[in-house]
Amino acid sequence: MLRRQRPRHISDALIPVGLLAAPPALAANPENQFWMTESLVVQASDADIVSLDLSQRFRKASSNGEQQTVRVLIDHRIAKAVQVGGGLAYFRSGPEQEMRLFQQVTLTKGVWVSRTRIEQRFFDTADGASWRLRQRAQASVPLDAAKRWTLIAAAEFMFHLNRARPGDRLGLAVLRNQIGLRHPIGKALDAQLLYMRQQTFRDGRPDAVAHIPWLTLSWRI
């Protein structure tokens, strides 16, 4: 397990995330959502981690309604601070269903984690695969000496690499900014509560912005 060093000042870790996360322009059409995730993380070997995530996303009908997700991921450590992995996911909502394959590389240094992920998304409303690149940077800053309270700040950029459907936007399509807290509530159970601002960029019409409290329960065995 990698040991993370605490910065001298919390602001040392948060300022770069804040610069990355700044939205490029004012957006319209705000919406409130609520997401909840249950995560099981298994240390399969010294170098391998297997994760199973279940999520419920409570959304308005204008955002395709409520959505349920299942995701399976395997990460393999190839160096002290480098993991490679991949997995598959299934997303279900009223208007459409999606099967997703993805591959990723995760780099860790001190309180910082950087993840680069490539996704192949297969919708039942499209004939071909939609390819997407996701780049995420996160800082996890302990707030107390016992490291029971951790401040989480993150930014993630999502780029569409092709058009699987005529209305798809090429290039930067989604920006996510997150801030919140993580705290253990049991011997192997953590709770994390984030506020996420998600901005979806759209051509020829106002951007869509969602304000999302996101609760995650993670059980590690």
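FYI, the numbering for the sequence shown is -27 to -1, 1 to 194, going by mature numbering (1 follows the signal peptide of the UniProt record, and there is no 0).
C-beta atoms are modelled at their ideal positions from N, C-alpha and C, and glycine is treated no differently.
Hey, could you find the ends of the beta strand (DSSP E) residue i is sitting in?
i: A128; result: 123 to 133
i: D48; result: 40 to 52
i: F174; result: F174 -> no beta strand (DSSP E), and no H or E assigned at all.
i: K82; result: 70 to 82
i: T189; result: 181 to 193
i: N37; result: Counting along the chain, N37 falls outside any beta strand (DSSP E), and DSSP gives it neither H nor E.
i: residue 196; result: Because the chain in this structure spans residues -27 to 194, residue 196 falls outside the shown range and cannot be described.
i: S24; result: 21 to 31
i: H144; result: It is Gly, not His, that sits at residue 144 in the sequence shown. Residues 144 to 157.
Looking only at DSSP bridge pairs, what is residue i linked to?
i: Q6; result: Its beta-bridge partners do not exist; DSSP assigns none.
i: S113; result: I125
i: S12; result: D26, S191
i: T89; result: V78, Q108
i: D163; result: P157, S191
i: R94; result: R73, S103
Measure the beta-carbon distance from residue i to residue j and round it to whole angstroms, keeping in mind my assumption that it falls under 8 Å.
i: M72; j: F95; result: 5 Å
i: L154; j: I185; result: Their Cβ separation, rounded to whole angstroms, is 15 Å, which puts L154 and I185 out of contact at 8 Å.
i: R121; j: H156; result: 6 Å
i: D21; j: I47; result: 7 Å
i: T173; j: A146; result: 7 Å
Going by alpha carbons, who is nearest to residue i out of the options?
i: Q171; options: A183, K160, A112; result: A183
i: W8; options: Q40, S36, S24; result: Q40
i: L13; options: E4, V23, N5; result: V23
i: Q16; options: T10, H49, S28, D26; result: H49
i: R32; options: G59, R65, S18; result: R65
i: G58; options: N37, L80, V84; result: L80
i: A180; options: A112, Q56, L148; result: With the sequence shown as reference, residue 180 is identified as Asp, and Ala is not the correct amino acid for it. Of the listed residues, the one whose Cα sits closest to D180 is L148.
i: G83; options: K53, N135, T173, G159; result: K53
i: T89; options: Q111, R178, R30, E69; result: Q111
ask   = Touching or not, the region 157 to 171 and the region 132 to 143, by the rule of three or more beta carbon pairs under 8 Å?
value = no
message = With a threshold of 8 Å, are at least 3 pairs of Cβ atoms found where one atom belongs to the region 61 to 75 and the other to the region 95 to 109?
response = yes
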